[in-house]
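The next block holds one structure in the form of structure tokens; read it before the comments.
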Amino acid sequence: GQQVMQIPQYQHVQEGEDFTTYCNSSTTLSNIQWYKQRPGGHPVFLIQLVKSGEVKKQKRLTFQFGEAKKNSSLHITATQTTDVGTYFCAVTSGTYKYIFGTGTRLKVLA
Amino acid sequence: NAGVTQTPKFRILKIGQSMTLQCTQDMNHNYMYWYRQDPGMGLKLIYYSVGAGITDKGEVPNGYNVSRSTTEDFPLRLELAAPSQTSVYFCASSYPRGQGNEQFFGPGTRLTVL
Chain F
4 GQQVMQIPQY
14 QHVQEGEDFT
24 TYCNSSTTLS
34 NIQWYKQRPG
44 GHPVFLIQLV
54 KSGEVKKQKR
64 LTFQFGEAKK
74 NSSLHITATQ
84 TTDVGTYFCA
94 VTSGTYKYIF
104 GTGTRLKVLA
Chain L
622 NAGVTQTPKF
632 RILKIGQSMT
642 LQCTQDMNHN
652 YMYWYRQDPG
662 MGLKLIYYSV
672 GAGITDKGEV
682 PNGYNVSRST
692 TEDFPLRLEL
702 AAPSQTSVYF
712 CASSYPRGQG
722 NEQFFGPGTR
732 LTVL
């Protein structure tokens, strides 16, 4: 079945440092979504990428979809304490079902 | 709009007991999902539904049942609770693909089985 690997599992950064998490799939993807989950909270949708090589930005967050549509990355520039949480990618398995990655837990040290 | 609501927020069950987790959405979404999230882990899909009267299994359906009699409601039934079902359960809903299919999640139900 489809597998989605996310690395790293954990990342501790000093406030102001950059952060990147990667999502890798064993199969070619039709699209990929990214979610953020604050500690004790529920996942919140950040963005969806559809096109090969697509790059989208949301303020300090940059999302990229690989040319082969098998991987994606989320980069945060100059992290802030508000960025703390776990970042998940989610890929479709068929039309309706989503497979979530294992997540990258980000801790930001002030 | 309230979005996706879930009840109860917390529950403790004894082994062998049964319960229903409620999920309601007021966004007229066709698709609804149930996930479980074990501590420090990702989300695993239990069941999903693409519309009233239509449900299908996800990755981890054993020990659970669902029904979808209306567009708004998607309850999850646990029969004969086991300690392995201790988890946080999230319900989510979305429009179909092609209509902006981001998933909206409820606040979750934290279930402990002792």
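Chains as they are written, first to last, in the working numbering: chain F, 4 to 113; chain L, 622 to 735. Where a beta carbon is used, it is the ideal one built from N, C-alpha and C, also for glycine.
Is the number of C-beta pairs between the stretch 73 to 93 of chain F and the stretch 30 to 48 of chain F that are closer than 8 Å three or more? yes
To the nearest angstrom, how far is the alpha carbon of residue 662(L) from that of residue 16(F)? 21 Å
Going by C-alpha distance, which of 627(L), 708(L), 722(L), 656(L) is nearest residue 34(F)? 722(L)
Does residue 110(F) come within less than 9 Å of chain L when only Cβ atoms are used? no
Which residue's Cα is closest to the Cα of residue 644(L): 717(L), 682(L), 668(L), 680(L)? 668(L)
Taking 9 Å as the cut-off, decide whether the C-beta atoms of residue 666(L) and residue 652(L) are in contact. no
Segments assigned beta strand (DSSP E), at least 3 residues, entirely inside the stretch 671 to 722 of chain L: 675 to 678, 685 to 687, 697 to 699, 708 to 715
If you draw a straight line from the C-alpha of residue 687(L) to the C-alpha of residue 731(L), how long is it? 18 Å
DSSP state of residue 23(F), grouped into three classes? strand
Contacts that residue 66(F) makes with chain L (C-beta to C-beta distance below 8 Å): The contacting residues do not exist; residue 66(F) stays about 14 Å from chain L at best.
For residue 649(L), would you say it is in contact with chain F, using Cβ-to-Cβ distances shorter than 9 Å as the test? no
So which of 716(L), 699(L), 728(L), 710(L) has the shortest CA-CA distance to residue 659(L)? 710(L)
Step through the CB atoms of chain L and report whether any lies within less than 9 Å of the CB of residue 105(F). yes
Option nearest residue 63(F) by Cα separation, candidates 24(F), 78(F), 50(F): 78(F)
Can the beta-carbon of residue 726(L) be found less than 9 Å from the beta-carbon of residue 11(F)? no
Express the C-alpha separation of residue 53(F) and residue 94(F) in angstroms, rounding to a whole number. 11 Å
For residue 696(L), I'd like the list of residues in its chain whose CB is within less than 8 Å of its CB, leaving aside the five on either flank, ordered along the chain. 641, 642, 643, 644, 687, 688
From the beta carbon of residue 36(F), is the nearest beta carbon of chain L less than 9 Å away? yes
Cutting at 8 Å between CB atoms, please list the residues of its own chain near residue 676(L), excluding the five before and the five after it. 668, 669, 670, 687, 688, 689
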